[in-house]
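Residue numbers (the numbering used here), protein chains in the order written: chain A, 101 to 302; chain B, 32 to 482.
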């Protein structure tokens with residue numbers, strides 16, 4: 101019994117090590133419920149949704165966050181989806197904000213709660229090419245609120261246009277950046293294309 | 032010491048296993064926090080002010096009101112009032128915001144009454160925006176009545192038509208001032224990232240009156256100065272994010288950092304010439320676009336206020352001293368507004384008086400204004416011009432008669448830098464920060480006005 105108690109303590113300490121928790125961390129609290137089909141999808145409701153993801157962190161391949169304004173795992177190794185930390189990545193945030201379906205042929209509106217762990221089938225590069233029934237490429241000068249700019253490696257949503265010709269972009273950019281609103285000049289960057297969601301209702 | 036028995040070994044193994052399982056359960060429980068969203072965040076806002084308007088142009092003020100997301104997926108129930116007055120003095124008149132059917136430019140709006148919009152001195156205004164669900168409110172600009180936004184009519188502006196941009200016909204540099212290969216030794220510059228996520232290099236630079244080039248090598252946590260007698264590195268305590276930077280006249284350095292995983296708000300850090308900290312100040316607003324060295328210290332263009340604020344002051348004081356234009360000293364400001372796809376309006380103003388103004392129109396789409404600065408009696412402007420798959424800079428030197436000098440510049444950026452930090456004007460030379468797969472460089476372009 102004594103050996104059990106001593107090693108029980110050692111086990112608890114070991115469990116705190118990163119490797120032991122790798123697959124049982126933030127995602128253990130996420131859910132896998134079906135989305136809610138909605139008939140409306142307005143750009144300001146999308147702003148509400150993306151804005152609420154600020155401060156919740158970044159997770160490569162992720163799409164699950166709570167609303168406590170803190171990245172629960174801010175020092176995950178970049179580019180490692182098995183870290184299972186909090187936050188979406190750039191394309192996961194876009195997919196959920198744009199209320200898309202995991203079925204690429206569906207162009208309906210599917211509302212995913214923040215703790216619903218879903219990334220969607222699209223990478224930034226696929227968004228850039230307008231892949232999937234809900235998505236399409238548009239002229240960069242026409243990109244407006246909650247449309248997006250996408251490159252092969254990143255996508256960010258336009259929160260609002262700004263003086264000096266840049267844009268306020270809400271994006272999940274990198275592990276150390278987290279998710280937030282930044283001033284960017286993607287609009288004039290040749291590596292970025294303008295992309296948009298079909299089906300806004302206002 | 033006794034030899035371990037089979038029983039004690041088994042007990043130990045069971046203990047470790049139970050401990051790990053228990054630890055994981057405890058860890059995952061604390062990781063998730065609340066499983067169901069219950070956020071009631073402060074109301075957020077966005078607004079693009081009509082800083083410079085054409086006489087007779089109808090003016091509508093539009094706002095985005097951003098609240099906590101609703102579980103039914105509908106937009107928030109917002110409301111607001113705009114307080115307007117002609118010119119810069121006198122009582123404000125309250126107008127309730129209307130709620131439109133479209134949110135692409137902001138759902139909430141008010142048409143500025145003609146008698147206010149037509150004032151020769153323009154008009155000033157601020158808005159109080161509310162989330163009706165919880166009564167939370169936000170004022171835009173942040174200084175409210177103490178520092179309202181100003182809109183001025185663009186009268187007697189010099190018309191400049193730049194026509195179609197000829198991509199590929201760019202000017203060659205006069206001098207490559209510095210070249211630094213990627214690395215961490217003195218004289219090299221740090222780069223980080225991956226092919227999948229993109230690369231980030233030195234995010235900003237500045238040039239002093241002697242031609243000394245200071246590069247913010249934030250990946251290596253240092254400043255590097257290239258002077259005539261060589262290069263020197265000075266460690267500074269920065270987060271490593273994409274930051275803007277300005278060298279102050281006394282050699283101090285201001286570094287404007289974005290929010291990050293450990294600091295959720297943008298911060299201005301100041302260092303003396305040795306790299307010792309001179310203080311840290313949080314910005315008044317949530318987002319920044321550009322840092323500049325103002326007549327009384329560093330000033331930052333901030334959003335949602337869309338005002339230049341003295342960033343070394345505390346947050347409330349920044350908001351109280353916000354101005355629509357970049358302060359030039361002597362009570363003058365330089366107002367910059369990109370309009371539509373290919374128009375740029377510029378005005379140097381003193382109070383309500385427009386000292387000089389330009390209206391630039393381009394047949395090729397214009398992007399961001401990287402630089403707009405006074406050079407004696409002239410103004411130097413660097414703006415991006417772009418198509419769907421091309422992008423270059425157009426440089427204009429303007430005076431009261433029109434264009435004095437004009438040329439195109441390429442946009443060599445392999446590694447990302449801060450958004451509006453790629454050009455600096457020092458003396459009568461323009462400097463450009465660029466990068467390639469092998470390193471970073473700064474090029475100099477001498478302007479004709481000096482010759």
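Each residue gets a CB set at the ideal place from its N, CA and C atoms; glycine is no exception.
Please read these numbers as outputs of a predicted model, since none were measured by experiment.
The beta carbon of residue 245(B) is closer than 6 Å to those of 237, 254, 256 and 278 in its chain, skipping five residues each way along the sequence.
Look at the region 254-282 of chain A: the residues with a C-beta under 8 Å from a C-beta of chain B are 254, 259, 260, 261, 262, 263, 264, 265, 266, 268, 274, 275, 276, 277, 278, 280, 281 and 282. Here DSSP, grouped into helix, strand and coil, assigns residue 136(B) to coil.
Within the region 166-229 of chain B, the complete beta strand (DSSP E) runs of at least 3 residues fall at 168-171, 180-184, 189-194, 206-212 and 223-225.
In this chain, the beta strand (DSSP E) harbouring residue 359(B) covers 357-360.
In the DSSP annotation of this structure, residue 313(B) is not part of any alpha helix (DSSP H); the continuous beta strand (DSSP E) holding it starts and ends at 308-313. Assigned with DSSP and collapsed to three states, residue 281(A) falls in strand. For the region 210-229 of chain A, residues whose beta-carbon sits nearer than 8 Å to a beta-carbon of chain B comprise 211, 213, 214 and 215.
The beta carbon of residue 181(B) sits closer than 7 Å to those of 119, 153, 155 and 355, all from its chain and outside the five residues before and after it, given in chain order. Each residue's CA atom was taken as its position, placing residue 171(B) and residue 289(A) some 30 Å apart.
Contact between residue 233(A) and residue 197(A) is absent: CB atoms are separated by about 17 Å, not below the 8 Å threshold. If the five residues before and after residue 73(B) are omitted, its C-beta is found closer than 8 Å to the C-beta atoms of 167 and 169, all from its own chain and listed in chain order.
If you draw a straight line from the Cα of residue 319(B) to the Cα of residue 361(B), it comes to about 25 Å. Along the region 142-163 of chain B, there is no position whose C-beta sits under 9 Å from a C-beta of chain A.
Around residue 179(A), the beta-carbon contacts reaching into chain B at under 8 Å are 225, 227 and 228. Residue 254(A) and residue 190(A) do touch by the CB rule: their CB atoms are close to 5 Å apart, below 8 Å.
Between the alpha carbons of residue 265(A) and residue 199(A) lies a distance of about 28 Å. For the set 270(A), 287(A) and 286(A), the Cα lying nearest the Cα of residue 280(A) is the one of 270(A). When the five nearest sequence neighbours on each side are left out, the beta carbons in the same chain lying within less than 7 Å of the beta carbon of residue 194(A) are those of 227, 248, 255 and 257, in order along the chain. Using a 10 angstroms sphere on the CB of residue 423(B), the tally of other CB atoms reaches 16 or more, which defines it as buried.
Rounded to the nearest whole angstrom, the CA to CA distance from residue 330(B) to residue 275(A) is 29 Å. Below the 7 Å Cβ cutoff, chain A contributes 144 as neighbours of residue 138(B), in chain order.
Within chain B, no C-beta atom comes less than 8 Å from the C-beta of residue 194(A); the nearest is roughly 15 Å away.
For residue 190(A), the secondary structure class from DSSP, reduced to helix, strand or coil, is helix.
Inclusion of residue 251(A) and residue 201(A) in the CB contact set at 9 Å is not warranted, their separation being larger than that value. Fully enclosed beta strand (DSSP E) runs of no fewer than 3 residues occupy 397-406, 409-417 and 422-430 of the region 393-430 of chain B, in order along the chain. By the Cβ-count criterion, residue 241(B) is exposed, with fewer than 16 other Cβ atoms from all chains shown falling within 10 Å of its own Cβ. When the Cα atoms are used, residue 245(A) and residue 372(B) turn out to be separated by approximately 16 Å.
Check the Cα spacing between residue 76(B) and each of 200(B), 162(B), 89(B) and 398(B): the tightest is with 162(B).
By the 16-neighbour rule on beta-carbons within 10 angstroms, residue 251(B) is buried.
Taking a contact to require three or more Cβ pairs closer than 8 Å, the region 450-462 of chain B and the region 399-412 of chain B qualify as touching. With fewer than 16 other CB atoms across the displayed protein chains lying within 10 angstroms of its CB, residue 145(B) is exposed. The distance from the Cβ of residue 353(B) to that of residue 343(B) is about 14 Å, inconsistent with a contact at the 8 Å cut-off. By a beta-carbon distance limit of 8 Å, residue 314(B) does not contact residue 341(B). Their separation comes to about 11 Å. Non-local beta-carbon contacts of residue 204(B) in its own chain, meaning distances under 7 Å to residues more than five positions away in sequence, involve 474, 475 and 476 in chain order. In the DSSP annotation of this structure, the continuous segment of the alpha helix (DSSP H) that includes residue 146(B) starts and ends at 145-148.
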